[in-house]
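One structure is given below, encoded as structure tokens.
Numbering (our numbering), first residue to last: 1359 to 1745.
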């Protein structure tokens, strides 16, 4: 007789490098786990979103993480924090996001023999360069992921890990990103006017997001389309090797190249005002910004790279351009401007259909629950056999 998985009172601890990340990208999953009967606790630095997560009924535990630091002493301290918290919480399973929690939380989970699911939602600079620190980080990934279940948000990232022998094929599962609540991100019937189109780039202000190429592309066509608006929405990321300074942004604004919207939680409202979403990124996990834009029936211009090309069928719901190529980007922007309002609308509608069919939050949550229930079931079987 097969034993059924008893979820009641089982605790899942979810770890991340910010509470903001958990609230904005994983809230739907958290609610679904609770509805399934799991007790969900969260481990992340305390910020403005921690209380909002606690309102959902989650116990929140603060942890100090220096996301940009490379001091090994601080990383040892971080590992000890994870050790103390895991011992205190005694979870049945860990679900871990972002680089440092994945590495150091993953290593500690092996010491304590806690079943763990690691999630790779993008590789960032660790895989964009071949520096000594990147090589060390990749080695640490291999140590921390050994025998864990590892979820990838795109096939390219999974193949990178397999090629570098950081994971084995049976460990891996491909999921459809973080998922989009397509009911929340619905299109509005915004009137369009080809003379006054709004192009919007939403990203942290770092060069890896293609911000410089966006500016160069705009400069090359600005005089030709004086009434078209180009905007940037996103926060500064000081300390990142490719960060863009306030002085640079202020100069772009003063020169009339772009309108800088700063940072806001009201992303949906800004997408609603735009006619096209632009993201010339060098690499993504699976771009949530593009998914949100496509879900709201906005045509997309993005790069033909990992995590961006997944969202766009070239010529159908947007245009793909080579990375680090401002001339191709400018041509794609001009091509978008030259379309009729009807053609742009049809392009946007195709994007929404694609998101609903492939990336809806319901699809992603089902993928997560299948993996989590399977991991918990195996852990329960091991526990019973050892009694």
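By construction, the Cβ of each residue, glycine as well, lies at the ideal position given by its N, Cα and C atoms.
Please indicate yes or no: does the CB of residue i lie closer than 6 Å to some heavy atom of the ligand COA?
i, result
"residue 1681", "The ligand COA is absent from the structure shown, which contains no ligands of any kind."
Could you tell me the distance, in whole angstroms, from the CA atom of residue i to the CA atom of residue j?
i, j, result
"residue 1506", "residue 1421", "23 Å"
"residue 1533", "residue 1623", "26 Å"
"residue 1579", "residue 1381", "39 Å"
"residue 1726", "residue 1475", "10 Å"
"residue 1360", "residue 1428", "In this predicted model, residue 1360 has a pLDDT of only 47, less than 50, meaning its place in the structure is not dependable; the value taken from the coordinates is given anyway. Looking at the two C-alpha atoms, the distance is approximately 48 Å."
"residue 1568", "residue 1588", "14 Å"
"residue 1646", "residue 1539", "11 Å"
"residue 1611", "residue 1414", "40 Å"
"residue 1721", "residue 1708", "19 Å"
"residue 1731", "residue 1527", "20 Å"
"residue 1386", "residue 1392", "10 Å"
"residue 1701", "residue 1512", "29 Å"
"residue 1735", "residue 1470", "18 Å"
"residue 1591", "residue 1616", "10 Å"
"residue 1472", "residue 1586", "54 Å"
"residue 1680", "residue 1478", "24 Å"
"residue 1504", "residue 1525", "7 Å"
"residue 1531", "residue 1577", "43 Å"
"residue 1355", "residue 1614", "There is simply no residue 1355 to check, as the chain begins at 1359 and stops at 1745 in what is shown."
"residue 1467", "residue 1514", "27 Å"
"residue 1683", "residue 1598", "22 Å"
"residue 1719", "residue 1706", "19 Å"
"residue 1439", "residue 1431", "13 Å"
"residue 1491", "residue 1481", "14 Å"
"residue 1634", "residue 1609", "24 Å"
"residue 1733", "residue 1394", "15 Å"
"residue 1573", "residue 1460", "35 Å"
"residue 1508", "residue 1545", "34 Å"
"residue 1529", "residue 1663", "25 Å"
"residue 1384", "residue 1581", "43 Å"
"residue 1560", "residue 1654", "14 Å"
Based on DSSP bridge pairs, tell me the residues matched to residue i.
i, result
"residue 1371", "1399, 1452"
"residue 1475", "1453, 1507"
In this structure, does DSSP put residue i in helix, strand or coil?
i, result
"residue 1717", "coil"
"residue 1544", "coil"
"residue 1377", "helix"
"residue 1420", "coil"
"residue 1585", "coil"
"residue 1438", "helix"
"residue 1733", "helix"
"residue 1590", "strand"
"residue 1698", "coil"
"residue 1600", "coil"
"residue 1706", "helix"
"residue 1433", "helix"
"residue 1386", "helix"
"residue 1426", "coil"
"residue 1724", "helix"
"residue 1464", "helix"
"residue 1404", "coil"
"residue 1391", "helix"
"residue 1595", "coil"
"residue 1414", "coil"
"residue 1689", "helix"
"residue 1443", "helix"
"residue 1481", "coil"
Below 8 Å on the Cβ atoms is my contact criterion, and I expect residue i with residue j to pass it. Report the Cβ-Cβ distance as a whole number of Å.
i, j, result
"residue 1594", "residue 1606", "Residue 1594 to residue 1606, Cβ: 10 Å. No contact."
"residue 1691", "residue 1575", "6 Å"
"residue 1447", "residue 1501", "Not really, about 23 Å apart at Cβ, beyond 8 Å."
"residue 1455", "residue 1390", "Not quite, the Cβ-Cβ distance comes to about 16 Å (not below 8 Å), so this is no contact."
"residue 1566", "residue 1600", "5 Å"
"residue 1723", "residue 1694", "Not really, about 33 Å apart at Cβ, beyond 8 Å."
"residue 1396", "residue 1370", "5 Å"
"residue 1657", "residue 1676", "5 Å"
"residue 1450", "residue 1737", "7 Å"
"residue 1627", "residue 1558", "Not really, about 11 Å apart at Cβ, beyond 8 Å."
"residue 1436", "residue 1462", "5 Å"
"residue 1564", "residue 1602", "6 Å"
Under a CB-based cut-off of 7 Å, is residue i close to chain C?
i, result
"residue 1737", "Of the protein chains in the structure, only one exists, and it is not chain C."
In chain order, what are the residue ranges of uninterrupted beta strand (DSSP E) at least 3 long that sit wholly in the segment 1489–1575?
Within the segment 1489–1575, the complete beta strand (DSSP E) runs of at least 3 residues are 1507–1510, 1530–1532, 1556–1560.
At what residue ranges does the segment 1604–1650 contain a whole run of the alpha helix (DSSP H), taking only runs of 4 or more?
1604–1612, 1625–1631, all fully within the segment 1604–1650.
Along the chain, which unbroken stretches of the beta strand (DSSP E) at least 3 residues long are found entirely within the segment 1650–1685?
Qualifying beta strand (DSSP E) stretches, in chain order: 1658–1661, 1676–1679.
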